[in-house]
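Participant: Residue numbers (my numbering), protein chains in the order written: chain B, 2 to 443; chain H, 4 to 68.
Even glycine gets a Cβ: it sits at the ideal position worked out from N, Cα and C.
(1) Give the residues of chain B in contact with residue 14 (chain H), contact being defined as C-beta atoms less than 9 Å apart.
(2) Among B:122, B:355 and B:169, whose alpha-carbon lies nearest the alpha-carbon of residue 272 (chain B)?
(3) Could you tell me which of B:113, B:161, B:142 and B:97 sits nearest to residue 406 (chain B), measuring between CA atoms?
(4) For a contact defined as C-beta to C-beta under 8 Å, what are the partners of residue 147 (chain B) on chain H?
(5) Tell me the DSSP secondary structure of residue 357 (chain B) in three-state form.
(6) Taking 8 Å as the CB-CB limit, is residue 292 (chain B) close to chain H?
(7) Does residue 4 (chain H) come out as helix, strand or coil in the three-state DSSP assignment?
(8) For residue 96 (chain B) and residue 88 (chain B), what's the separation of their Cα atoms in angstroms?
(9) For a test of the three-state rule: what should DSSP assign to residue 55 (chain B), helix, strand or coil?
(10) Taking the CB atoms as reference points, tell me whether residue 285 (chain B) and residue 379 (chain B) lie closer together than 8 Å.
(11) Check whether the Cβ of residue 39 (chain H) lies closer than 8 Å to any Cβ atom in chain B.
(12) Identify every run of the alpha helix (DSSP H) within the segment 31-79 of chain B, keeping only runs that are complete inside it and at least 4 residues long; order them along the chain.
(13) Please confirm if residue 70 (chain B) has its CB atom under 8 Å from at least one CB of chain H.
(14) Restricting to runs no shorter than 3 residues, where is the beta strand (DSSP E) found entirely within the segment 266-337 of chain B?
(15) So is residue 443 (chain B) in contact with chain H if we call contact Cβ pairs under 8 Å?
(16) Considering only their Cβ atoms, is the gap separating residue 43 (chain H) from residue 28 (chain H) smaller than 8 Å?
(17) Please report the distance separating the alpha-carbon of residue 345 (chain B) from that of residue 296 (chain B).
(18) What's the C-alpha gap between residue 439 (chain B) and residue 78 (chain B)?
(19) When you compare only the Cα positions, how much space is there between residue 94 (chain B) and residue 86 (chain B)?
(20) For residue 395 (chain B), decide whether its Cβ has a neighbour in chain H, counting only Cβ atoms nearer than 8 Å.
(21) Buried or exposed, going by whether 16 or more other CB atoms sit within 10 Å of the CB of residue 411 (chain B)?
(22) Note down, in chain order, all residues in the segment 353-387 of chain B with a beta-carbon under 9 Å from any beta-carbon belonging to chain H.
(23) Beta-carbon within less than 8 Å of residue 124 (chain B)'s beta-carbon, same chain only, minus the 5 sequence neighbours each way: which residues are those?
(24) In chain order, what residues of the same chain lie with their CB nearer than 7 Å to the CB of residue 4 (chain H), ignoring the 5 residues before and after it?
Spelled out as structure tokens, the structure:
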């Protein structure tokens with residue numbers, strides 16, 4: 002079967018800013034006609050494989066020995082280095098300009114450089130393979146342990162009530178900058194950021210998120226602004242860590258990391274800072290998740306009415322939104338050996354993109370995949386938090402946050418409607434909403 | 004207002020737990036998911052241990068097909 006629908010421009014931010022009505026038919030066309038597809042983006046030094054089927058992505062995600070996370074995690078990491086080098090720290094620029102890196106090593110340098118906040122000793126969970134990955138993750142999960150997340154639920158409800166109280170019924174409210182700020186507010190509390198620093202902290206953290214979303218089309222002035230905030234953020238994190246280590250008895254997340262050991266010694270600074278960075282990202286990405294839930298329920302009032310009658314389905318609605326409007330559209334790996342998938346021969350060193358957004362609409366897995374249905378049965382898991390070793394470490398907190406917040410919001414305001422145009426981010430890495438004007442009513 | 008397509012419909016739930024190793028664990032009741040999760044931990048991750056309360060907190064109660 003062939004269609005006239007244009008296939009996705011996976012590398013192009015403009016593609017991700019299109020309406021869902023344009024994007025999803027495009028994903029479906031490629032998934033049906035070329036489920037394992039070698040794509041050569043214009044201007045990229047080499048192409049990459051795009052895997053659209055749920056089954057193929059599960060195979061890649063569960064075989065880290067065959068598909069390494071060491072050599073890039075996002076599509077932008079495979080950009081022509083000359084188009085993004087100014088967005089990287091000097092040590093990464095020197096390594097890339099040296100010219101003797103393989104394509105995989107170049108991707109690693111770009112991805113490490115953009116994550117690092119300038120720190121050459123930075124080491125991130127996302128750029129590691131087993132067994133080291135498991136050791137790193139176990140330290141992180143000490144901080145994000147289920148018992149801690151469980152104990153937070155009453156505090157999340159309390160913060161949610163404070164924010165919901167600020168909503169004026171019948172008056173246009175930007176969801177992103179009101180209710181959407183709850184996860185970041187909670188995270189600054191958990192990290193132990195002083196109250197008078199919280200707004201500045203969130204601004205610096207948002208800049209770090211932009212730095213990760215490397216963009217060949219970014220204006221130099223914007224690059225400079227981001228770099229300045231990211232450097233400030235790194236300095237702040239270093240000081241926070243040093244302070245908590247010297248205090249030695251706090252119960253906040255940074256104190257837990259500061260007091261933890263990694264391979265028999267205190268957690269190295271580059272790793273500890275990457276954990277703070279992970280906590281901060283969790284606040285920002287949960288804001289995006291909340292915004293998509295609010296958007297989907299505004300677009301589907303009959304589904305919102307079901308939740309108002311049956312709040313026990315709110316957790317299910319969160320899962321459905323994650324499937325329907327994933328935040329993370331793709332995850333990437335590098336093949337460690339020649340291997341065949343879906344009849345295509347993947348070579349050692351090839352970059353492999355798992356198109357999560359496409360797998361979440363895979364006709365072989367989901368009944369009526371393009372229907373938003375809060376009563377959908379989840380006998381299979383969506384791909385939105387990744388799968389296997391690299392599944393999102395903050396998924397539990399994100400689910401508890403979002404379920405609790407919508408329980409509190411809907412108890413007071415079961416009805417809302419769009420009150421103006423929605424502004425979405427356009428990014429090949431993470432999806433989000435920058436403005437969501439809503440009008441709430443009881 | 005309930006489901007406009009089927010107002011009398013009742014939904015059956017089950018408990019779903021994603022182990023970080025990639026295995027998706029399910030159980031029809033709270034007791035089932037605790038038993039399944041503890042059996043999985045014992046067989047695949049013997050150094051990890053979670054009590055029933057933590058397992059139930061991590062598990063999601065989702066609509067069953």
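Facilitator: For this structure:
(1) 311, 313, 314, 317, 376 and 378
(2) B:122
(3) B:161
(4) 53, 57, 60 and 61
(5) helix
(6) no
(7) With a pLDDT of only 43 at residue 4 (chain H), under 50, the local geometry of the prediction cannot be trusted, and the value read off the model is given with reservation. Reduced to three states, the DSSP call for residue 4 (chain H) is coil.
(8) 14 Å
(9) helix
(10) no
(11) no
(12) 55-62
(13) no
(14) 331-336
(15) no
(16) yes
(17) 38 Å
(18) 36 Å
(19) 6 Å
(20) no
(21) buried
(22) 368, 375, 376, 377, 378, 379, 380, 381, 382 and 386
(23) 137, 269, 271, 272 and 275
(24) Because the pLDDT of residue 4 (chain H) is 43, which lies under 50, any placement of that residue in the model is unreliable, and the question is left without a value.
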